[in-house]
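Undergrad: Got a structure here, written out as structure tokens. Questions coming.
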Amino acid sequence: MSHTLLAAIFAVGAALCIAVGTVVRQRTAAVVPDDSIGALGPITTLVHSPVWWLGTVVGIAGYALQASALGLGSLLLVQPLLVLSLLFALPLGARFSGRRISAREWLWAAALTTSVAVLVIVGDPRPGEPRAETHHWIVISAIGLPFIALCLFGAHRRTGSARALLLGLAGGTLFGVAAVLTKGVVHLVNLGPHAILTSFEFYALIVVAAVATSLQQSAFQAGDLQASLPATTIMEPVVASLLGFVVLGEYLDADRKVAAVLVLALAAMAAATIALARGAANDDANATPRTPVG
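Each residue of the sequence shown is one higher than the one before, starting from 1 at the first, in the working numbering.
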């Protein structure tokens, strides 16, 4: 079995785990009352919920599969496949809300599946360097940190959907950066524990992942998942794929004619992702009353 195929299998498995873990954590975070939010956000209360921990463990399993996929394939291959988590979340959300999936949702699901398949198969992603150079991280920090700070500043001054959107954008951006850091750390695993413990990526990954998770939970708790979920779901693959292309030198093996098809597939993937994410948010809003976490 080729590394590319194995990476794709791991990525699809990661998408499934991410779907289950996200749905569980969304529903747990949505019922945290505002007066229970601590200094670190709703996660201060959520750590006392066994259901939240169940979702977290499943999410960690998804991350382990994602890391395995990134160790074998490129960001341009793995990250689009992770968007399929919305496809898996569709029947799960319908199950929780006790409703049937509409024909419109099935059409968006088909569009998402087709567009991802086109990007992965027709685009033929090619790998680049496994790690970013120091000067790359300086540039990434110089651009990314002000963007995150602006999102957090704006979220602090707003409520409701605007707050959820800004927190979702910030969290999704950091998850995209975490994917690049993960690829670097996985590469260092082959060099032994000393290489990992003396690397910048290992410690940066811990910090970035922790902050991203906290921001994601805060976005979910803000109440309007129709804003936070699409923002987070779109920003992560966009940021990770962009960094894979610009920083790691990954590319899609396509000529100009095929490139036009890939652009259309990318647009279809974005549209389907937003539509399905909003559908999942509606399911959550309709099925979950805002009562304290037990």
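Heads up, the beta-carbon is just placed ideally off N, CA and C, and yes, glycines get one too.
Any idea if Leu107 is buried or exposed, counting beta-carbon neighbours within 10 angstroms, 16 or more meaning buried?
TA: exposed
Undergrad: Does the beta-carbon of Lys183 have 16 or more other beta-carbons within 10 angstroms, so that it is buried, or is it exposed?
TA: buried
Undergrad: With DSSP as the reference, label Arg126 as helix, strand or coil.
TA: strand
Undergrad: Report yes or no: do the region 209–218 and the region 155–175 share at least 3 C-beta pairs separated by less than 8 Å?
TA: yes
Undergrad: Am I right that Gln66 and Ala11 are in contact with their C-beta atoms under 8 Å? What's the rounded C-beta distance?
TA: 7 Å
Undergrad: Taking Arg126 as the reference, give the member of Leu276, Leu5, Ala260 with the closest Cα.
TA: Leu5
Undergrad: If Ala240 and Gly176 are in contact, beta carbons under 8 Å, what's the gap, nearest whole angstrom?
TA: 4 Å
Undergrad: Can you list, in chain order, the residues of its chain whose CB lies under 7 Å from that of Ile206, leaving out five sequence neighbours each side?
TA: Scanning its chain for C-beta atoms nearer than 7 Å, with the 5 sequence neighbours on each side dropped, one finds no residue around Ile206.
Undergrad: Cα separation between Ser141 and Ala204?
TA: 11 Å
Undergrad: Buried or exposed for Gly294, please, with buried defined as at least 16 other CB atoms from any protein chain shown within 10 angstroms of its CB.
TA: In this prediction, Gly294 has a pLDDT of 37, which is less than 50 and means its spatial position is unreliable; nothing more can be read from the coordinates.
Undergrad: Which whole-angstrom value describes the C-beta separation of Gly128 and Gly249, a residue pair presumed to lie in contact below a C-beta threshold of 8 Å?
TA: 3 Å
Undergrad: Just reading off the alpha helix (DSSP H) that Glu201 is part of, what are its end residues?
TA: 200–221
Undergrad: Here's a check: name, in chain order, each residue in its chain whose Cβ is nearer than 8 Å to the Cβ of Thr159, leaving out the five neighbours to either side.
TA: These residues qualify, in order along the chain: Ala222.
Undergrad: What does a CB cutoff of less than 6 Å around Leu243 pick up in its chain, not counting 5 residues either side in sequence?
TA: Val180
Undergrad: Taking Cβ positions, are Met269 and Ser115 nearer each other than 7 Å?
TA: yes
Undergrad: Could you spell out where the alpha helix (DSSP H) holding Glu250 opens and where it closes?
TA: Premise fails: Glu250 is in no alpha helix (DSSP H) and is neither H nor E.
Undergrad: Just verifying my parser: in three-state terms, what is the DSSP assignment at Thr134?
TA: helix
Undergrad: Can the beta-carbon of Ala178 be found closer than 7 Å to that of Leu166?
TA: no
Undergrad: Alpha carbon to alpha carbon, how far is Ala254 from Leu188? Give it in angstroms, no decimals.
TA: 30 Å
Undergrad: Below 8 Å on the Cβ atoms is my guess for Val58 versus Val20; work out the distance and round it to an integer in Å.
TA: Yes, Val58 and Val20 are in contact; Cβ-Cβ is about 5 Å, under 8 Å.
Undergrad: Ser49 and Thr28 look like a contact to me (Cβ under 8 Å); what is the Cβ gap, rounded to whole Å?
TA: Right, the Cβ-Cβ distance comes to about 6 Å (below 8 Å), so this counts as a contact.
Undergrad: Taking just the CA atoms, how far does Ser74 sit from Ala7?
TA: Taking the straight line joining both Cα atoms gives about 9 Å.
Undergrad: Assuming Pro237 contacts Leu87 (C-beta within less than 8 Å), just tell me the rounded distance between them.
TA: A Cβ-Cβ separation of about 14 Å leaves Pro237 out of contact with Leu87 under the 8 Å criterion.
Undergrad: Cβ atoms of Leu70 and Val186: under 7 Å apart, would you say?
TA: yes
Undergrad: Just to confirm, are Ala132 and Val247 a CB contact at a threshold of 7 Å?
TA: yes
Undergrad: Taking C-beta to C-beta, are Ala14 and Ala272 nearer than 7 Å?
TA: no
Undergrad: Whose CA, out of Ser199, Leu16, Val122, Ala61, lies closest to the CA of Ala259?
TA: Out of Ser199, Leu16, Val122, Ala61, Val122 has the C-alpha closest to the C-alpha of Ala259.
Undergrad: From Ser228 to Ala164, what does the alpha carbon distance come to, in whole angstroms?
TA: Whole-angstrom Cα-Cα distance: 5 Å.
Undergrad: Helix, strand or coil for Thr159 per DSSP?
TA: coil
Undergrad: I'd like the list of long-range same chain contacts for Ala149, defined as Cβ closer than 7 Å, with 5 residues on each side in sequence excluded.
TA: So no residue of the chain qualifies.
Undergrad: Can you tell me where the alpha helix (DSSP H) holding Leu65 begins and where it ends?
TA: 50–72
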